[in-house]
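Shown next, in structure tokens, is the structure this report addresses.
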Amino acid sequence: MTASPPPLRDPEPLPFRDPELPLDQRVDDLLSRLTPTERVALLHQFAPAVERLGIAPFRTGQEALHGVAWMGPATVFPQAVGLGATWNDDLVRRIGEAVATEARAMRARDDRVGLNLWAPTVNLLRHPLWGRNEEGYSEDPRLTSAIAVAYTRGLRGDHPDHWRTAPVLKHWLAHNNETHRDTSSASVRPRVLHEYDLRAFRAAVEAGAVAGVMPAYNLVNGRPNHLSPYLREHLRTWTGQELLVCSDAGAPSNLVDSEKYFDTHEEAAAAAIVAGVDSFTDHGTDASITVGRIQRALDQGLLTEADIDTAARRHLSVRFRLGEFDPGQGPYADPASHAFDTPAHRALAQEAAEQAVVLLKNDGLLPVPEGTRIAVVGLLADACKTDWYSGTLIHRSTPLDGLRERFGTDRVTFTEGADRVRLKCAAGWLQVPHSEGDGRARDAEVALDPALLAGRTDLAPLTCGPEPAEFALVDWGDDTWTLRAPDGRYLSVADDGFVRASADQPGGWVVQETFALIGHGDGYLIEHTGTGGYVSVAADGVKVADEPEVFTLDVLERGEDAVARAAAEADAVIVVAGNDPHINGRETEDRSTLALPPHQDRLWRAARAANPRTALALVSAYPYAVADAHDQLPALLWTAHGGQAAGIALARVVAGDVSPAGRLPQTWYTADTDLPDLLDYDIIGSRQTYLYFDGAPLYPFGYGLGYSSFAYEDLVAARDGERLHIAFTVTNTGPVAADEVAQLYTRAPRDAAAAFALPHRRLGAHRRVHLAAGESRRLEFQLPLADLGFWDVRHGRWAVTPGAYEILAGASSVDIRLAATVDVEGAPIASRPVRRAGLAATCYDEQTGTEIVDLSRTTGDAVRPLDGSVGELLFRACDFGGGEQGVRGVSVEVAGEGAVDLISGSTATTITVPATGGVYDYAPHSSGFSVSGVGDLRVRLRGPLRLARLTFTATDRPKETA
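For the sequence shown, position 63 matches number 82 in the numbering used here, and the numbering has no gaps at all.
Quick look at the structure:
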């Protein structure tokens, strides 16, 4: 139950409890009453009570990505990438409101539920192999920020002074890899920073619905995100409201332990606080370690009391906005406003799941008519999967459930398609002892808690003996397998090392239910993924050990044979394939390929061979490369894991009760060869996302089909001051009522696009509308003129080039139905004033073989060759001065040692750099370099050096004569 605040012990009036006073005055009053020690204590995730002032304990951090997570039963909505696929701002706002309402309701009965919500994730889905693809909304910053604004507005509530919950955006900044995620550095050039990564965060902050941000584990330009100067230089300039920066779990310690950026934790804690981190999520509930480090940093003069006060003030500001210090704790604490698992929330979960379904192909198979005999097959056909950030399901609908509910149990048959096997070793057949009770994990919350999952020692471990057990064996790809006992329980390894059939689903921070089958002679070694040990047989049961056992695999039936048999007996087949969100692509684990796992690839091929009327329904947290399926099957659909109503939603789309109108929030590529390296964050240079990709995708950004058709007419685009007014009409020309997602793109003048490597097109706005058959609607948009611009590295500013801009309206990024042009006047982008201003090394136009690194531990950037070998930078249109006013020398600011070659036209020079000392020991080195006019400059870096800046010496002006 909710703990009551401790009794007041201060007899004097407490202005901070007076809701009639301005917020700043209340915060200042409370801060002044706290001792220095109490202020430091506020900086840990678990802030203690201050009993003498009647202040209760407070915890930052409550996961709520698509529903309240980790705290037991809650309404589970589609994964975030599924919410992105709805392209529906209003829907997502209503979901945010429902999630916040449930958080309040859950807190009313359990004060462990927090109101500082760590959601949403606004990291852009730049690369589809990122393991946490499911957590983001889109690869496009405009769509991502629109959905994030909607969700945070719902979470925040609409009261002018009080917040229903306090959302925190994750993860600042440029975070798209789990491989070496706490030690890898994203090299983010200024254009990508300003045009891409910052834009995803900015709109939500400027909308006033965000309480703070969480820095990511990785480094950006060689500097840990928990020391990011962009927190000060950008984030906190976007709003006058106090923002709370909460560290990611364990990240403050990483600054010393894994990243080795500082020698001591006192230095690291001080640097993080000065950079803008206000709350330390470190060492779990034990605040003493963090508090001790901060206090010692104060004692050593690394921090000032003012630094502590600034961070503490931000912490208190959030708590005031949540109503904690108001009489009755504010309007959102009113029990009358609490709602939990209501009919409205259940209906909203189904609406969201329906709107998230994307129809990828349909040659007339869908919708399936009444009376059809349907075979639903596949590894996810009878699954309703949760992920790491899900709550415990109260309701559950699998595709099988949904299809049987919609078409009738007698019309729908099911075959999973797992391989049926038996395993034998020298001691006999692997078998599952009989256990009292069902032995399943207690609920989905257990599966999210590795300590609870590993603690199932009440069940007897597997044994080997004369009676074989039949197991369901599934190959999830990348040498990752699961084994399931006859009663449906997964084989799992407990903390005592024994193998038991104990888990309802794979799960946990370290998944204990996956194995690798390693060929060994005529048999297999079975390696347990979670521990790295091998399945072995001991006198007291089967366990994992260093010494492996050799097993022979007796296959009773291949999954594809069972699927083919079921498909042949049906009128239509739905193959449900995809991923388990705890396996092969999740937090801590990136994917290795876009390909569908071989086991599932075999299943759809077997179904099609037996029955050409086969549809593939992909239920996954990320895109797949399924070109063969597209070519050979009449229908394909995709949906993210859709939460509690996933099955009925898919069934209603299959039946035609709902015309699908989900749209892809990211590009689906044809093959792995379309992708750059996962750690290449330069979307411009490596031509990533729909903005720059030069190839032909399998399915483009914004793509999706439906059961109706739409006409676009009468596009009008005109400039009105600093905005563009755009309007067009959409008409439902098909036979059924349906949603259409109207998309508006802009394209820069062709000469400017070529000169500055601008996007092929860029999303400017979108609108999801529902239209009855024959209905028309006029859609109007206001687009800021600045949205046409880009970051001009020549002059370090946002710029809009003059010329004729194309305004494109259509149904996807490539399905453009209407086009118009708008002329924008202005001065052309001038050449780089290098003679006067010099060149920052990071402000290049193109690069090969380099990365951006930190100039110092706190601020600034430099460039170095990858692996200390050779890299090259290209600076276009450098103005060295005309005629006699050219340059006669150049100086480079470098650290390390090596050589810098400079080439402009026929002029070249090499500057040899002797060792300058450490990586931050920059020194100037000069050479003659006579050049004039406007031309390109190539700078080649050789050896382990860092280049910060180039400065040019101007030719002396001739003296005037009398």
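By construction, the Cβ of each residue, glycine as well, lies at the ideal position given by its N, Cα and C atoms.
3 or more residues per run - each beta strand (DSSP E) lying fully within the segment 528–611: 534–539, 542–547, 553–557, 560–564, 569–576, 591–597
Segments of 3+ residues assigned as beta strand (DSSP E) that fall wholly inside the segment 645–706: 654–658
Looking at the unbroken beta strand (DSSP E) that takes in Ser945, where does it start and where does it end? 942–950
How is Thr972 classed by DSSP in three states: helix, strand or coil? strand
For the segment 40–54 against the segment 282–290, are there 3 or more C-beta pairs whose distance is under 8 angstroms? no
List, from N- to C-terminal side, the alpha helix (DSSP H) runs of 4 residues or more that fit wholly inside the segment 358–391. 362–374
Beta strand (DSSP E) runs contained entirely in the segment 469–511, provided each spans 3 or more residues: 482–484, 490–494, 500–503
What residues in its chain sit with their C-beta under 8 angstroms from that of Thr840, if we drop five residues either side in the sequence? Ala736, Ala823, Tyr824, Glu825, Ile826
Go through its chain and collect everything with a Cβ distance to Ala358's Cβ below 8 angstroms, but skip five positions before and after it. Ala117, Thr120, Glu121, Ala124, His364
Through-space distance from Pro160 to Tyr215, alpha-carbon basis: 6 angstroms
Verify whether the separation of the beta carbon atoms of Leu544 and Val569 is less than 8 angstroms. yes
Use the C-beta contact count for Pro186: other C-beta atoms within 10 angstroms, 16 or more gives buried, fewer gives exposed. buried
Whole angstroms is fine: what's the gap from Ala644's alpha carbon to Ile922's? 43 angstroms
Inter-stretch contact at 8 angstroms, needing at least 3 Cβ pairs: the segment 702–710 / the segment 139–158: yes
Bridge-paired residues (DSSP) for Asn135: Ala185
Once the 5 residues before and after Tyr718 are set aside, which same chain residues still bring their CB inside 7 angstroms of it? Leu379, Leu683, Trp687
Helix, strand or coil at Phe775 [DSSP, three-state]: helix
Arg439 (DSSP reduced to helix, strand or coil): strand
How about Ala767 and Leu798: are their beta carbons less than 8 angstroms apart? no
Three-state secondary structure assigned by DSSP to Tyr249: helix
Limits of the unbroken beta strand (DSSP E) element including Ser795: 795–803
Quick check: what's the CA-CA separation for Asp590 versus Thr434? 15 angstroms
Taking C-beta to C-beta, are Phe720 and Gln663 nearer than 8 angstroms? no
Pair every Cβ in the segment 225–237 with every Cβ in the segment 246–265, then say whether three or more of these pairs are closer than 8 angstroms. yes
What's the gap between the Cα of Leu635 and the Cα of Ala927? 59 angstroms
For Val141 and Ala791, the rounded distance between their alpha carbons: 34 angstroms
Figure out for me which residue from Leu250, Arg183, Ala223, Thr482 has the closest Cα to the Cα of Ala169. Ala223
State the start and end residues of the unbroken alpha helix (DSSP H) segment that holds Ser164. 160–175
Write down every uninterrupted run of the beta strand (DSSP E) in the segment 89–146 whose length is 3 residues or greater and which is fully enclosed by it, in chain order. 135–140
Tell me, please, whether the segment 856–863 touches the segment 956–970 by the rule of three or more beta-carbon pairs shorter than 8 angstroms. yes
Give the C-beta separation of Pro774 and Gly410 to the nearest angstrom, bearing in mind that I take them to be a contact with Cβ-Cβ under 8 angstroms. The residue you asked about is not Pro; residue 774 is Ala in the sequence shown. The pair is not a contact, with the Cβ atoms about 51 angstroms apart (cut-off 8 angstroms).
When you compare the CB positions of Gln762 and Leu782, do they come within less than 8 angstroms of one another, or not? yes
Sequence-distant residues of its chain with Cβ nearer than 6 angstroms to Ala504 (five each side left out): Val451, Ala520
With 8 angstroms as the threshold, decide whether the Cβ of Arg312 is near any Cβ in chain B. This model lacks chain B altogether, as it is built from one protein chain only.
What distance in whole Å lies between the Cβ atoms of Ser795 and Thr869, which are believed to be in contact at a cut-off of 8 angstroms? With a Cβ gap of about 53 angstroms, Thr869 and Ser795 do not count as contacting.
So, with DSSP's three-state summary, where would you put Gln904? helix
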